[in-house]
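Numbering (this note's numbering), first residue to last: 174 to 380. All residues carry an ideal CB built from backbone N, CA and C; glycine is no exception. Everything on this sheet refers to the single structure shown next.
Written out as structure tokens, the structure reads:
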């Protein structure tokens, strides 16, 4: 049974958008919890040419992830369920295209050269992740990449943020691998240890 706080997660970011903007800040994390965001964004963008199209699913305020991708010369389309966070992105990162939406319900039309769900997919229940991850994968263009973060074992974790329960969940590594393989993506970096998954869709062979 899914923890009740899973139903609150979208409303939490809607209600406390300004608090999240202040708490998250505009700086990439540098190794906190073993994740150096700049390194992972460089890996994600390594084979993408300038002007490549990116879908940032669960983009938040556009800072710092969306802004960092734009600085790398990429075109970013971001979607988030919090109107307040999207309003902040539109006001402060106008080079991107930002819209309100719940990734469980719909995603901007693709395909995209890169699809990112950084610290967002893991706010969904395991059942929802099983449904959403194939949809994200389907947005990836030939030769494109998908990167997302997860926990390191199947289960739910309930944190605390500003006195509110903060829901996180994860599938097991074997489940993520199976979903990516089913989506015809090749796993380049396995998230079993780091909690960061990076996969690529191969180019179709010329006939």
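Among residues of its own chain, excluding the 5 on either side of residue i, which ones have a beta-carbon nearer than 6 Å to its beta-carbon?
i	result
residue 364	323, 370
residue 261	194, 234
residue 254	183, 275
residue 316	376
residue 367	none
residue 211	201
Could you have a look at residue i and say whether DSSP puts it in helix, strand or coil?
i	result
residue 237	coil
residue 224	coil
residue 178	helix
residue 352	helix
residue 202	coil
residue 379	Note that residue 379 scores 41 on pLDDT, short of 50, meaning its location in the model is unreliable and no value can be drawn from it.
residue 373	strand
residue 187	helix
residue 208	coil
residue 318	strand
Looking at the secondary structure, which residues open and close the alpha helix (DSSP H) in which residue i lies?
i	result
residue 291	Premise fails: residue 291 is in no alpha helix (DSSP H) and is neither H nor E.
residue 365	364–367
residue 270	Unbroken run through residue 270 is the beta strand (DSSP E), 270–273; no alpha helix (DSSP H).
residue 192	190–197
residue 310	299–311
Would you mind working out which of the options sits nearest residue i, comparing C-alpha positions?
i	options	result
residue 230	318, 196, 250	250
residue 176	270, 342, 293, 223	342
residue 252	220, 263, 375, 204	263
residue 224	357, 245, 270	245
residue 226	345, 218, 285	285
residue 294	268, 242, 232	232
residue 243	283, 258, 270	270
Just reading off the beta strand (DSSP E) that residue i is part of, what are its end residues?
i	result
residue 257	Not the beta strand (DSSP E): residue 257 falls in the alpha helix (DSSP H), residues 256–265.
residue 325	That residue, residue 325, is in no beta strand (DSSP E); it is neither H nor E in DSSP.
residue 339	337–343
residue 251	248–253
Give every residue of the same chain whose Cβ lies closer than 8 Å to the Cβ of residue i, excluding the five residues on either side of it in the sequence, and list them in chain order.
i	result
residue 277	297, 301, 304, 305
residue 358	310, 313, 319, 372, 373, 374
**Message:** Quick test of the definition: if touching needs 3 or more C-beta pairs under 8 Å, does the region 285–303 touch the region 319–333?
**Reply:** Touching, yes.
**Prompt:** Do the region 283–292 and the region 306–320 touch if we need at least three Cβ pairs shorter than 8 Å?
**Reply:** Using a C-beta cut-off of 8 Å, the region 283–292 makes contact with the region 306–320, since at least three inter-stretch Cβ pairs fall below that distance.
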